[in-house]
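Using this note's numbering, the letters of the sequence shown map in sequence onto residues 555 to 1053.
Single-structure report; data block below.
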Amino acid sequence: MENILPLLDERIVRAIKDMGFEKLSPIQEQAIPYLLEGMDIIGQAQTGTGKTAAFGIPVIQKVNPELRKLQTVILCPTRELAIQAAEELRKLAKYMHGIKVLPIYGGQEIGRQISALRGVQIIVGTPGRVMDHMRRHTIKLEHVNMVVLDEADEMLNMGFREDMELILGQIPGEHQTALFSATMPKPILEITHRFQKDAKMIQVAAKELTIPLVSQKYYRVKSQDKDAACIRLLEYYQPKLCLIFCNTKKKVDEVAEVLKLHGYQAEGLHGDMSQAQRDTAMNRFRNGSTSILIATDVAARGIDVDDVEAVINYDIPQDIEYYVHRIGRTGRAGRTGRSFTFVSGREVFKIREIEKICRTTVEEKKFPGAAKVLKAKADKYLNQAWEMHTHEDMELMKQFLQRKIDAEGCDALELAAAMLKYQVGDKSEEIAADDYSPRRAVRSDNRGGRYERRDRHGENRRGGDRRGGDRYSNGRRERNGGRDNRSGDRRRKINSFVK
């Protein structure tokens, strides 16, 4: 940092110190000098590496506060990322009076944005909304001297390639281009070759991104038992805030439905949701009214919550960079965190690849047995009850209990045990964690009946054929014969695993 600070405006240095920067991250150390010299760069890095400051510091340094015209365009894949990046830029420009930063994105009233654009030197926006303003001629590009593409691969995945190329192609005159991407697929390289000149390549190895405070575990589990495995881990570890990552939007919806059916406060988050739905889900997760957020990698960009206690990789990600990005959501701000990854079949080789490239250890674990889960639930309930006892007036409750004991001759310990069993449940049959095989399991359903898995093709499992499930039409479920067969089957399947 000592080598770079002398190159910066003292007001930016002051803001950096206010933000608590102690040393530069690898991407900042490499990118900032090149950007300050006016060179194009390609930065292979992901969220969590400090790349917003890596381009944000040079952006603020280069802006002319006296020129009340647009000078820098920063493109981000999502509204959340645009807002987050704009907030960090404003912090960096805290003492640079006259610099205006504005996030622009879809879902916000266009008229209000147009009014706010007056005198703005830096915009941070999603490609679609930036293109919208360009078509309306409400942003002028003649004074733009720097363009930043943040999370370029995610913009590509979200179908923004044409918008990205159109925006880059309409920037007139000499300008600087910085592109940041977690991965470098062929289309990204094509964009760099077309719109950048003698770009410097900067790469941050995944090993530099692994968060050491995160305990990493993986579990071997068949695909059809992942819902049950999720419930078991949630019951045993009981995280206050938990992120669950799935590889598809459909699976996000399915897992959210399963968890809600089992009484959890859970919300899904993916790109097919409206902006209002996404905002509601995020706000509920941030304020703790939702304890579990299920998301795709793309939708999760921009989530910045420090108190996440656990991350569950319901699906193992295709790219190692995504694995590092996911587990970095927990163990923040000096806290310890947990990550759990479900591995099916030959996917264990992906774990070995993660360990090799990231120079980390992902420990294989067995699922906790029913006795351990029951003990964890009972301990939590008893601790909460005793905590209440220390802070609340218990006299009236004591009177009720004493009347019951006197009237019926109840034993106080037996009465307390019955109340605990009523609260946390109990099962006579237990699952041995070390030798449990989901395919051999035979358990009782909620109505006391019996059901089992009879074959490997899905027929007659626990008293039902999964193929007779529900259908979807225009986002609404049509229940066969008034009953949701698929949800019922899923609940029975999970009960056989977790109870």
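Note that CB positions come from ideal geometry on N, CA and C, so glycine has one too.
This structure is a prediction, so every number in the text was calculated from the model and none was measured.
I believe residue i touches residue j by the beta-carbon criterion, under 8 Å. Please report the beta-carbon distance rounded to the nearest angstrom.
i, j, result
"Gly809", "Ile798", "It should be pointed out that residue 809 corresponds to Val in this sequence rather than to Gly. Going by Cβ atoms, the distance from Val809 to Ile798 rounds to 6 Å, so yes, they are a contact pair."
"Glu863", "Lys910", "About 28 Å separates the two Cβ atoms, so there is no contact after all."
"Lys538", "Gly817", "The chain is shown from 555 up to 1053; residue 538 falls before or after that span and cannot be answered."
"Lys694", "Lys623", "7 Å"
"Val916", "Ile908", "6 Å"
"Thr632", "Thr680", "7 Å"
"Val758", "Pro580", "5 Å"
"Ala783", "Tyr791", "That belief does not hold up - the Cβ atoms of Ala783 and Tyr791 are roughly 12 Å apart, past 8 Å."
"Asp594", "Thr731", "5 Å"
"Thr884", "Val775", "The Cβ separation is near 20 Å, so there is no contact."
"Glu708", "Phe734", "10 Å between Cβ atoms; not a contact."
"Thr850", "Gln819", "Actually they do not touch by this definition, with Cβ atoms about 20 Å apart."
"Gly604", "Gln582", "5 Å"
Bridge partners of residue i, per DSSP?
i, result
"Leu1094", "Because the chain here runs from 555 to 1053, residue 1094 falls outside it and cannot be looked at."
"Arg838", "In DSSP, Arg838 forms no bridge with anything."
"Asn867", "Phe799, Thr895"
"Ala820", "Ile846"
"Ser735", "Gln598"
"Glu918", "Tyr772"
"Val627", "Ile677, Val701"
"Lys754", "Ile595"
"Gln730", "Met700"
Can you tell me the Cα-Cα spacing of residue i and residue j, whole angstroms?
i, j, result
"Asn699", "Tyr659", "22 Å"
"Ala835", "Asp858", "13 Å"
"Glu728", "Asp860", "41 Å"
"Arg1030", "Met827", "Since pLDDT at Arg1030 reaches only 36, below the 50 mark, its modelled position is unreliable, and the value read off the structure follows with that caveat. Taking the straight line joining both Cα atoms gives about 14 Å."
"Asn867", "Ala636", "26 Å"
"Gln662", "Asp752", "38 Å"
"Ala853", "Glu564", "37 Å"
"Asp572", "Lys645", "9 Å"
"Leu589", "Leu823", "35 Å"
"Glu642", "His879", "19 Å"
"Lys952", "Leu967", "14 Å"
"Asn801", "Leu561", "43 Å"
"Lys805", "Lys931", "28 Å"
"Ile785", "Gly899", "21 Å"
"Ala971", "Leu950", "20 Å"
"Gly597", "Met755", "6 Å"
"Phe575", "Ala599", "19 Å"
"Leu847", "Lys975", "29 Å"
"Asp833", "Arg666", "19 Å"
"Val902", "Phe894", "13 Å"
"Ile870", "Gly592", "40 Å"
"Met688", "Pro726", "13 Å"
"Asp960", "Ala924", "36 Å"
"Thr890", "Lys771", "14 Å"
"Leu955", "Asp807", "44 Å"
"Arg906", "Glu918", "11 Å"
"Met948", "Ile668", "60 Å"
"Met1062", "Lys929", "Only positions 555 to 1053 of the chain appear in the structure, and residue 1062 is not among them; the question remains open."
Cutting at 6 Å between CB atoms, please list the residues of its own chain near residue i, excluding the five before and the five after it.
i, result
"Glu789", "Val927"
"Leu559", "Val567"
"Lys648", "Ala569"
"Leu629", "Pro681, Leu703"
"Leu656", "Ala670, Val674, Ile677"
"Leu710", "Pro741"
"Arg892", "Ser769, Ala864"
For residue i, I'd like the list of residues in its chain whose CB is within less than 7 Å of its CB, leaving aside the five on either flank, ordered along the chain.
i, result
"Ser982", "Low confidence applies to Ser982: its pLDDT is 32, below 50, so where it sits in the model is not reliable enough to give any reading."
"Arg840", "Val859"
"Val617", "Gln625, Thr626, Ile653, Gln675, Ile676"
"Ile586", "Ile558, Ala608, Ile611, Pro612"
"Arg683", "Ile658, Tyr659, Gly660"
"Gln584", "Ile756"
"Leu720", "Met685"
"Ser777", "Ser898"
"Lys904", "Ile870"
"Lys934", "Gln792"
"Gln615", "Leu562, Asp563, Ile566, Leu590"
Residues in the same chain with beta-carbon distance under 8 Å from residue i, minus the five sequence neighbours each way, listed in chain order, please.
i, result
"Lys958", "Cys964, Leu969"
"Pro619", "Met650, His651, Gly652, Ile653, Gln675"
"Leu621", "Gln675, His697"
"Gln872", "Asn801"
"Ala830", "Gly661"
"Lys814", "Ala820"
"Gln724", "Met688, Leu695"
Hey, is residue i's beta-carbon within less than 7 Å of any beta-carbon in chain D?
i, result
"Arg832", "You won't find chain D in this structure, because it holds only one protein chain."
Can at least three beta-carbon pairs, one atom from the region 673-680 and one from the region 620-638, be found at a separation below 8 Å?
yes
Indicate whether the contact test is met: 3 or more Cβ pairs, each with one atom in the region 734-745 and one in the region 702-715, closer than 8 Å.
yes
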